[in-house]
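From first to last, the protein sequence lines stand for chains C and A.
Numbering-wise, this note's numbering comes out as the position in the first sequence, counting from 1, plus 314.
Numbering-wise, this note's numbering comes out as the position in the second sequence, counting from 1, plus 568.
Where is the CB? At the ideal position from N, CA and C, for every residue including glycine.
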Amino acid sequence: MAHADQNIGSLQPSALMHIKQRYFATRFDTVITLICAALAAWVLWGLINWALLDATFGANRGDVCREDLHGGACWSVVATRWRIVLFGLYPFEEQWRSAIACLVMVFVAVLSCVPWFWSAKRLPILWIAGFAIFYVLMRGGWFGLVEVTEQNWGGLSLTIFIFAAVSLLGMPLAIIFALLRRSKLPWIARTMALVIDTIRSLPLLSIMFTFAIVLPFVLPGWAIGDKLYRVIVGYALFFACYQAEIIRGGMQALPAGQEEAAQALGLGYWHRIGYIILPQAFRNALPPTINQFVITFKETSLVTIIGFFDVMASGRAASGTADWNFATIEMYVFVALIFFVFVFSLSRYGAYLERRLGVGRR
Amino acid sequence: MTAILKNRHVRDNVFQFTFVGALLLLIAVFFITGRANLEAQGMTSGFDFLQRTTGWRISFSLIDYSTSSTYLRAIIVGILNSMFLGAIALPLATLIGITIGVMRTSGNGMAELLGTTFVEVFRNVPLILQLFFWYTLLLAMPSPRDAGLIFGGIALTGRGIYIPGLNVTGGSVFIVALVLMAATALALWLGAKRWPALHLSQASKERRFLWVGFALLSVLVLWLGRIPETPLVSMPVQKGLNFKEGIRISPELMACVIAISIYGAAYIAEIVRAGFNSVPPGQSEAGHALGLSSWHIFSRIRLPLAIRIVMPTLINQYVWLFKATTIGIAISFTDFFMVISTAINQSGQTLELIAILMGGYLIINYTIAWVLNRVNDAIKLKGTQLRI
């Protein structure tokens, strides 16, 4: 509502002027500012009281929390049971492996934000190498590491595993889907469009459910595989359908002259796609792609419903026992913070990229 | 042979044929294996099971349902529940979302700070986690025995929220819902078709007339549909260990509504903000030059333009949000998805039920997208209006 005053005078506004303009420009603005400030103060005060002033810290102090009548948070549950949230049922002595594996994947994610890695060769190599290290560390069986099967994976490492596997499997699939959908052969383009639109209009949960529970029923015995991998394949398929549309959007934003020029130079289909179309399409589609990764990471938590022990489910389990069942909210806040750190940094990075590349302004 | 393969036309056709053929083959394999597995269990495929009785209970239902109802009825209950949840949560998300979006583009520093915090907190935490969070909070409310009435008619208890209700038949409520939908559609249609021709005040007079008429009609239907020998309004009353009368909103439904509308609002707020930012400043400057008040500039110029700009994105968001209602299964809110998965467990008719599930979501989602796209076509800027 302060638009009226923004252009008045080109005098250099002082800090005080700036505050007046931002917060007290008109009488109406003043009222809004005061209401918002009161609301913010009330929420903040309640939060600080609950989370800090009245809270109980330190491990193994559940009995103190139980007798505490202030109603403050009981962070003791996090201090006591954080290992379950991060590592699930992974054997205690081997949990360092799970921790290193997670760090490796986080490192890979950070590295792929460096522009030097943004090439069709480097990025896949980086991710496949990172994923291989992750898998070997988690699974063991080689290099004298004790074998830990997927049934015992859990917590944050399982979430990261599902996310990484879905991305690795889904991205090439998405490129194939996008290319098939814009194929000049009508039957292929139409069939692919039908498949993509159908899968996109189904809820992710129903697809996971179908792959986890129903697929063994309709597949020949040798093709059933582990439930975890079936869910990953289903999720990757879902991811690929969304990502294919994003890539297709990036391709459509390209001027037709790009492909025509490549054709005129006598480049073959794969060269046109690999060197002219896809690099530019990805550049156009970078912000929605990052957004898609953000959503994909958040929605890995749906596997809880199918019965996997990811970070969400293990958070519930950590506060699900009789001696901690009063501290469920604290555990949810802890799990929410874990998600927030990952998702927030990724989405901030996406916003930064959008500004840097100036996508949307050209 | 090689000559044939070098022929581009032939090669293309072979490629197409293989692609479509492989897909069909995959579906055929699913179908044959599924049938074989069914027969091995001594069951028959087909949709006859829809007429069998279910034998399981559904905790929340808009129509009559008991354990002796058929599978078909259970599925209808599920679909209605899903649509009911969507019909409450989606408009609520829109309302909160527009408010937050306006706050973030208001130019008021404090409002922007609050709006940004809201969006960042609720957009960066998974929906299912938020759902569990609200559900836990709702269950932690006082037991009905200890809860009092607020505003004389609302009780917040751990077993649900009690609000005053009307003693009317379900049928009349349904008719009123239809009447209100027709009124909205007619108002939109009137606005879209005749807006350029009609004088503004005349159009609003016509619309007011329309609304009053439909409101009277709704009241009349409710009056006719009231249950005999009961007061029209039933208030929640504390009786023993529980509340009687009134309407009970279960914690499951309430948690779903809160979680989905807040999560959706955070996304819609971002869309609305982008819309406001893409309304050229010249529009509101022109409004100022004409001496319009801030409120008129907002409600008559910036909001209508912003809504038209973001409509296509919003449509996708609504379809996506409706799909997110399946999350209710996590706290056992009996929606379409949960009914289907229970039915699969109980009857074993996996293939048929999955087909119903997919068909149902396809139809509902395409309907949402179709209706909203018609709305978009009706209100979008056309021809000479495009110079924004």
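| query | Rounded to the nearest angstrom, how far is the Cβ of Trp-389 (chain C) from that of Thr-370 (chain C), given a contact under 8 angstroms? | reply | Indeed, because the Cβ distance is near 7 angstroms, the residues count as touching under 8 angstroms.
| query | Helix or strand or just coil, what does DSSP make of Gln-917 (chain A)? | reply | Looking at Gln-917 (chain A) - three-state DSSP - the assignment turns out to be coil, as it is neither helix nor strand.
| When you compare each of A:Phe-690, A:Tyr-633, A:Ala-937 and A:Asp-632 to Tyr-831 (chain A) by their alpha carbons, which one comes out closest? | The alpha carbon of Tyr-831 (chain A) has as its nearest neighbour, out of A:Phe-690, A:Tyr-633, A:Ala-937 and A:Asp-632, the alpha carbon of A:Phe-690.
| said: Please list the terminal residues of the continuous beta strand (DSSP E) segment that includes Leu-724 (chain A). | reply: For Leu-724 (chain A), the enclosing beta strand (DSSP E) starts and ends at 722-725.
| query | With respect to the beta strand (DSSP E) encompassing Gly-728 (chain A), which residues constitute its N-terminal and C-terminal limits? | reply | For Gly-728 (chain A), the enclosing beta strand (DSSP E) stretches over residues 728-731.
| query | Is Arg-579 (chain A) helix, strand or coil by DSSP? | reply | Helix at Arg-579 (chain A).
| C-alpha gap between Ala-318 (chain C) and His-856 (chain A), whole angstroms | Confidence at Ala-318 (chain C) is low in this model, with a pLDDT of 46, below 50, so the placement of that residue should be treated as unreliable; the coordinate-derived value is given next. Whole-angstrom Cα-Cα distance: 8 angstroms.
| Taking DSSP as the reference, what is the three-state secondary structure of Phe-811 (chain A)? | When secondary structure is reduced to three states using DSSP, Phe-811 (chain A) falls in the strand class.
| request: Using 10 angstroms around the beta-carbon of Gln-566 (chain C), count the other beta-carbons present and answer buried if the total reaches 16, otherwise exposed. | output: Looking at its Cβ environment, which holds fewer than 16 other Cβ atoms inside 10 Å, Gln-566 (chain C) is exposed.
| said: Suppose you measure from the CA of Leu-440 (chain C) to the CA of Thr-505 (chain C); what does that come to, to the nearest Å? | reply: Approximately 34 angstroms, taken between the alpha carbons.
| Within the 8 angstroms Cβ cut-off, does Cys-299 (chain C) reach chain A? | Outside the displayed span of chain C (315 to 676) sits residue 299 (chain C), for which this structure offers no information.
| Local conformation of Val-741 (chain A) per DSSP, three classes | DSSP places Val-741 (chain A) in helix when its eight states are reduced to three.
| field | Closest residue to Asn-845 (chain A) among A:Leu-593, A:Ala-833 and A:Arg-672 (Cα-Cα distance) | value | Cα-wise, what sits closest to Asn-845 (chain A) is A:Arg-672.
| task | Output yes or no for whether 8 angstroms exceeds the beta carbon distance between Trp-624 (chain A) and Ala-827 (chain A). | result | Taking 8 angstroms as the Cβ cut-off, Trp-624 (chain A) and Ala-827 (chain A) do not qualify as a contacting pair.
| request: Could you pull the start and end residues of the alpha helix (DSSP H) that Arg-336 (chain C) belongs to? | output: Segment 329-337, the alpha helix (DSSP H) holding Arg-336 (chain C).
| request: Mind listing the chain A neighbours of Leu-616 (chain C)? Cutoff is C-beta to C-beta under 7 angstroms, in chain order. | output: Below the 7 angstroms Cβ cutoff, chain A contributes Ile-696 as neighbours of Leu-616 (chain C), in chain order.
| request: Determine the burial state of Leu-330 (chain C): buried for a count of at least 16 other Cβ atoms within 10 Å of its Cβ, exposed for fewer. | output: Its Cβ having fewer than 16 others within 10 Å, Leu-330 (chain C) is exposed.
| Does DSSP put Thr-350 (chain C) in a helix, in a strand, or in coil? | According to the sequence provided, residue 350 (chain C) is Cys. The question's Thr does not apply to it. Cys-350 (chain C): helix per DSSP, three-state reduction.
| message | Taking a contact to mean a Cβ-Cβ separation below 8 angstroms, would you say Gly-677 (chain A) touches Arg-336 (chain C) in this structure? | response | Yes; because the gap between Cβ atoms is below 8 angstroms, this pair is in contact.
| Would you call Tyr-835 (chain A) buried or exposed, if buried means 16 or more other Cβ atoms sit within 10 Å of its Cβ? | With 16 or more Cβ atoms within 10 Å of its Cβ, Tyr-835 (chain A) is classed as buried.
| field | Any chain A beta carbon closer than 8 angstroms to Arg-336 (chain C) | value | It does: the Cβ of Arg-336 (chain C) has a partner Cβ on chain A nearer than 8 angstroms.
| query | Any idea if Thr-635 (chain A) is buried or exposed, counting beta-carbon neighbours within 10 angstroms, 16 or more meaning buried? | reply | The residue is exposed, with fewer than 16 neighbouring Cβ atoms inside 10 Å.
| field | Other residues of its chain near Gly-454 (chain C): CB distance less than 8 angstroms, five sequence neighbours each side excluded | value | Within the same chain, Gly-454 (chain C) has close Cβ partners Glu-408, Arg-411, Val-460, Glu-461 and Val-462.
| field | Local Cβ density within 10 Å of Gly-610 (chain A), reported as buried at 16 or more and exposed below that | value | With fewer than 16 other Cβ atoms within 10 Å, it is exposed.
| Going by DSSP, which residues form a beta bridge with Ser-802 (chain A)? | A:Gly-733, per the DSSP bridge assignment.
| query | Out of curiosity, what's the CA-to-CA distance linking Ile-442 (chain C) and Leu-482 (chain C)? | reply | Each residue's alpha carbon lies about 8 angstroms from the other.
| Distance, Cα to Cα, Arg-495 (chain C) vs Thr-512 (chain C)? | One alpha carbon belongs to Arg-495 (chain C), the other to Thr-512 (chain C), and they sit about 14 angstroms apart.
| query | In three-state terms, what does DSSP make of Cys-388 (chain C)? | reply | Three-state DSSP puts Cys-388 (chain C) in a strand.
| request: With a 10 Å radius around its C-beta and 16 neighbouring C-beta atoms as the bar for buried, classify Lys-773 (chain A) as buried or exposed. | output: Exposed, because fewer than 16 other Cβ atoms sit within 10 Å of the Cβ of Lys-773 (chain A).
| Can you list, in chain order, the residues of the segment 916-928 of chain A whose Cβ is nearer than 8 angstroms to any Cβ on chain C? | Legend: CB atoms of the segment 916-928 of chain A lying less than 8 angstroms from CB atoms of chain C belong to residues Thr-918, Leu-919, Ile-922, Leu-925 and Met-926.
| field | Neighbour list for Asp-580 (chain A) in chain C, Cβ cutoff strictly below 7 angstroms | value | Within chain C, the residues near Asp-580 (chain A) are Leu-499.
| field | Any 3 or more C-beta pairs closer than 8 angstroms across the segment 592-609 of chain A and the segment 531-540 of chain C | value | Result yes; three or more Cβ-Cβ pairs closer than 8 angstroms.
| Contacting residues, own chain, Cβ-Cβ under 8 angstroms from Tyr-663 (chain C) (five flanking each side not counted) | Cβ neighbours of Tyr-663 (chain C) beyond the five flanking positions: Cys-427 and Ile-604.
| query | When the Cα atoms are used, what is the spatial distance from Phe-477 (chain C) to Leu-366 (chain C)? | reply | Going by the C-alpha atoms only, they are around 33 angstroms apart.
| field | For Asp-616 (chain A), the three-state DSSP class (helix, strand or coil) | value | Of the three classes helix, strand and coil, the one that applies to Asp-616 (chain A) here is helix, per DSSP.
| Taking Cβ-Cβ distances below 9 angstroms as the criterion, which residues of the segment 878-907 of chain A are in contact with chain C? | Under the 9 angstroms Cβ criterion, the segment 878-907 of chain A contributes Val-887, Phe-890, Lys-891, Ala-892, Thr-893, Thr-894, Ile-895, Ile-897, Ala-898 and Phe-905.
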